Amino acid sequence: MVCSWNNYCNQQIYTVNLVKSRSIRFIWHCTVNELIFLNKRNKENSPVTKPLKIVIPTAGFGSRLRPLTWSRPKPLISLAGGTVLDILLNSFRSIPNFDEVEFVIILGSWMGEQIPPYITEHYPDWHVDFAVQPEMKGQSDALWCAREFLHGPMMMSFSDTLLDHDFSFLGEEKAEAVALVKPVPDPRRFGVAEVDAAGRVTHLVEKPQSIENNLAVVGCYYFQEAEDLVGAIETQIERNVSLKNEYYLADAINIMLERGLKMRTEKVDAWLDAGTAEALLETNAYFLEHGRDNSITAQVEESVIIPPVHIHPGARVSASVIGPHVSVGEGASIKGSTVKNSIIGPGTHVTHCMLENSLIGHSVTITGQTGKFNLGDNSWAVQ
Numbered sequence: 135m136v137c138s139w140n141n142y143c144n145q146q147i148y149t150v151n152l153v154k155s156r157s158i159r160f161i162w163h164c165t166v167n168e169l170i171f172l173n174k175r176n177k178e179n180s181p182v183t184k185p186l187k188i189v190i191p192t193a194g195f196g197s198r199l200r201p202l203t204w205s206r207p208k209p210l211i212s213l214a215g216g217t218v219l220d221i222l223l224n225s226f227r228s229i230p231n232f233d234e235v236e237f238v239i240i241l242g243s244w245m246g247e248q249i250p251p252y253i254t255e256h257y258p259d260w261h262v263d264f265a266v267q268p269e270m271k272g273q274s275d276a277l278w279c280a281r282e283f284l285h286g287p288m289m290m291s292f293s294d295t296l297l298d299h300d301f302s303f304l305g306e307e308k309a310e311a312v313a314l315v316k317p318v319p320d321p322r323r324f325g326v327a328e329v330d331a332a333g334r335v336t337h338l339v340e341k342p343q344s345i346e347n348n349l350a351v352v353g354c355y356y357f358q359e360a361e362d363l364v365g366a367i368e369t370q371i372e373r374n375v376s377l378k379n380e381y382y383l384a385d386a387i388n389i390m391l392e393r394g395l396k397m398r399t400e401k402v403d404a405w406l407d408a409g410t411a412e413a414l415l416e417t418n419a420y421f422l423e424h425g426r427d428n429s430i431t432a433q434v435e436e437s438v439i440i441p442p443v444h445i446h447p448g449a450r451v452s453a454s455v456i457g458p459h460v461s462v463g464e465g466a467s468i469k470g471s472t473v474k475n476s477i478i479g480p481g482t483h484v485t486h487c488m489l490e491n492s493l494i495g496h497s498v499t500i501t502g503q504t505g506k507f508n509l510g511d512n513s514w515a516v517q
């Protein structure tokens with residue numbers, strides 16, 4: 135263990151290097167009596183060629199997913215045999231030379247500390263850096279908090295933006311930037327990309343008044359040079375271009391467009407949401423139908439399985455009817471029950487129930503119940 139003092143952003147910082155299979159630096163900002171940590175690989179080991187960085191802001195209370203998010207951040211909510219974060223991270227595997235990709239995860243103050251241990255356990259060989267956004271001051275502010283990692287080519291994707299798309303186009307990408315979009319019938323709820331006759335983005339508009347331009351931006355962008363985005367965010371903050379004390383990424387991108395950024399659009403195959411209970415169940419069903427189904431290999435006792443489902447090998451199902459569109463987590467047990475279109479969290483026990491359209495958290499006990507339930511971690515519903 136090597137300890138030293140550094141100066142970072144004009145703040146005093148205590149730095150601790152812990153070396154296991156790789157070098158890790160945990161950085162604590164000791165201002166406002168608040169500890170914030172970052173995880174950083176030593177820069178002297180960085181290659182000359184800059185790898186693609188995928189940046190994922192995760193701050194947010196996840197209030198629309200309560201009670202599940204009372205005890206865990208939204209990225210760690212169960213989904214299709216994993217978590218929202220698992221689905222997001224693995225959606226990028228079609229990127230050329232994926233093994234060289236580096237991730238930057240921006241943690242929020244609301245239970246963000248749960249994410250690094252999860253990454254360490256499930257992705258020990260991946261290069262993942264962590265930055266912290268101490269206050270929820272918007273999307274651009276989150277990226278500003280991670281600016282020391284933002285250099286060279288980068289992608290940015292919001293943590294509840296789940297895409298099913300082929301990212302191999304990045305191997306030959308010539309544009310300075312790409313906005314991923316999805317045509318929608320009514321774009322007035324979304325931000326949209328305005329394009330010229332040549333297909334280049336001219337402006338991003340939040341919640342347009344008309345439906346003529348239906349290219350909704352999905353919250354995922356590619357930038358050839360991350361430094362240009364950081365410079366635009368710096369200008370945005372200097373000009374205080376904000377709304378309700380939050381700095382939005384669209385405003386920073388518009389500054390880049392004003393400076394001559396050449397950005398094109400890329401239409402995604404599928405754009406899914408994980409921000410509400412209803413959307414989470416729909417997204418669970420989609421991914422079970424598109425590669426996450428393990429009904430053929432699922433181990434059950436005297437039960438009927440209606441695909442698609444994902445039953446963890448460490449779960450136990452007996453005398454039950456499961457499916458369609460059901461995810462069952464590790465260590466869960468389901469006995470004498472019927473479950474469909476639901477997510478059953480790890481360690482949960484379901485006995486003599488008929489559940490539908492339900493979200494059941496971790497380590498829940500539910501017995502003798504019928505209907506639709508939304509239960510947070512460590513809760514009970516016993517007849």
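The opening residue of the sequence shown carries number 135 in the numbering used here; numbering runs sequentially from there.
Glycine included, C-beta positions come from ideal geometry on N, C-alpha and C.
Note that the structure is predicted; figures quoted are calculated from it, not measured.
Which whole-angstrom value describes the C-beta separation of residue i and residue j, a residue pair presumed to lie in contact below a C-beta threshold of 8 Å?
{"i": "Lys184", "j": "Phe283", "result": "Rounded, the Cβ-Cβ distance is 11 Å, inconsistent with contact."}
{"i": "Leu304", "j": "His337", "result": "Rounded, the Cβ-Cβ distance is 24 Å, inconsistent with contact."}
{"i": "Val266", "j": "Gly246", "result": "7 Å"}
{"i": "Ser452", "j": "Ser437", "result": "6 Å"}
{"i": "Ile439", "j": "Val462", "result": "Wrong, their Cβ atoms sit about 10 Å apart, outside the cutoff."}
{"i": "Ile494", "j": "Gly481", "result": "10 Å between Cβ atoms; not a contact."}
Going by DSSP in three states, residue i sits in which element: helix, strand or coil?
{"i": "Gly505", "result": "strand"}
{"i": "Leu88", "result": "Coverage of the chain is limited to positions 135 through 517, which leaves residue 88 absent and any answer about it impossible."}
{"i": "Pro201", "result": "coil"}
{"i": "Pro458", "result": "coil"}
{"i": "Phe421", "result": "helix"}
{"i": "Cys487", "result": "coil"}
{"i": "Tyr252", "result": "helix"}
{"i": "Leu383", "result": "helix"}
{"i": "Phe303", "result": "helix"}
{"i": "Ile158", "result": "Summary for Ile158: the model assigns pLDDT 36, below 50, so the residue's position carries little reliability; its value from the coordinates is reported in the next sentence. It is a strand residue."}
{"i": "Asp362", "result": "helix"}
{"i": "Ser274", "result": "helix"}
{"i": "Lys308", "result": "coil"}
{"i": "Val235", "result": "coil"}
{"i": "Leu406", "result": "strand"}
{"i": "Ile468", "result": "strand"}
{"i": "Lys401", "result": "strand"}
{"i": "Leu222", "result": "helix"}
{"i": "Thr499", "result": "strand"}
{"i": "Lys474", "result": "strand"}
{"i": "Leu210", "result": "helix"}
{"i": "Leu284", "result": "coil"}
{"i": "Gly353", "result": "strand"}
{"i": "Glu247", "result": "helix"}
{"i": "Pro191", "result": "strand"}
{"i": "Glu435", "result": "strand"}
{"i": "Ala327", "result": "strand"}
For the candidate residues the options, whose alpha-carbon lies nearest to that of residue i?
{"i": "Asp233", "options": "His256, Gly242, Lys208, Trp260", "result": "Trp260"}
{"i": "Ser243", "options": "Val262, Arg227, Phe195", "result": "Phe195"}
{"i": "Gln517", "options": "Asn508, Thr504, Gly510", "result": "Thr504"}
{"i": "Gly470", "options": "Leu383, His483, Asn347, Cys279", "result": "His483"}
{"i": "His459", "options": "Met488, Asp330, Met288, Glu423", "result": "Glu423"}
{"i": "Val329", "options": "Pro319, Lys341, Gln343, Asn348", "result": "Asn348"}
{"i": "Lys474", "options": "Ile468, Ile229, Gly465, Gly457", "result": "Gly457"}
{"i": "Phe226", "options": "Arg281, Arg206, Met288, Pro342", "result": "Met288"}
{"i": "His299", "options": "Glu310, Glu400, Leu383, Thr369", "result": "Glu400"}
{"i": "Ile190", "options": "Thr203, Ser293, Asn231, Gly394", "result": "Ser293"}
{"i": "Lys396", "options": "Asp385, Ala411, Ala309, Gly463", "result": "Ala309"}
{"i": "Asn428", "options": "Gly216, Arg200, Arg198", "result": "Gly216"}
{"i": "Ala419", "options": "Val402, Arg398, Asp403, Pro441", "result": "Pro441"}
{"i": "Lys341", "options": "Ala332, Ala413, Leu377, Arg323", "result": "Arg323"}
For residue i, count neighbouring Cβ atoms within 10 angstroms of its own Cβ and tell me buried if that reaches 16, exposed if not.
{"i": "Trp526", "result": "Any property of residue 526 remains undetermined from this structure, which presents the chain solely from 135 to 517."}
{"i": "Val182", "result": "Only weak support exists for where Val182 lies, its pLDDT of 40 falling under 50; the value from the coordinates is given anyway. So Val182 counts as exposed."}
{"i": "Asp511", "result": "buried"}
{"i": "Ala193", "result": "buried"}
{"i": "Asp275", "result": "buried"}
{"i": "Met488", "result": "exposed"}
{"i": "Ala408", "result": "buried"}
{"i": "Ala214", "result": "buried"}
{"i": "Val602", "result": "Within the shown structure, residues of the chain are numbered from 135 to 517, placing residue 602 beyond reach of any answer."}
{"i": "Arg159", "result": "Residue confidence for Arg159 is low, a pLDDT of 36 falling below 50, so the modelled location carries little weight and cannot support an answer."}
{"i": "Asn374", "result": "exposed"}
{"i": "Ile161", "result": "Any reading at Ile161 must be qualified, since the residue scores a pLDDT of 37, below 50, and its modelled position is unreliable; the value itself is stated next. By the neighbour-count rule (16 or more Cβ atoms within 10 Å), Ile161 is buried."}
{"i": "Val443", "result": "buried"}
{"i": "Trp514", "result": "exposed"}
{"i": "Ser302", "result": "exposed"}
{"i": "Ser344", "result": "exposed"}
{"i": "Pro447", "result": "exposed"}
{"i": "Lys208", "result": "buried"}
{"i": "Asp320", "result": "exposed"}
Using a threshold of 6 Å, is the CB atom of residue i nearer than that to any non-hydrogen atom of the ligand FMN?
{"i": "Val318", "result": "Judged by which ligands are present, the structure shown has none, so any question about the ligand FMN falls away."}
Practice problem: Could you tell me whether the segment 422-437 touches the segment 358-374, where touching means 3 or more Cβ pairs closer than 8 Å? | Solution: The segment 422-437 is not in contact with the segment 358-374.
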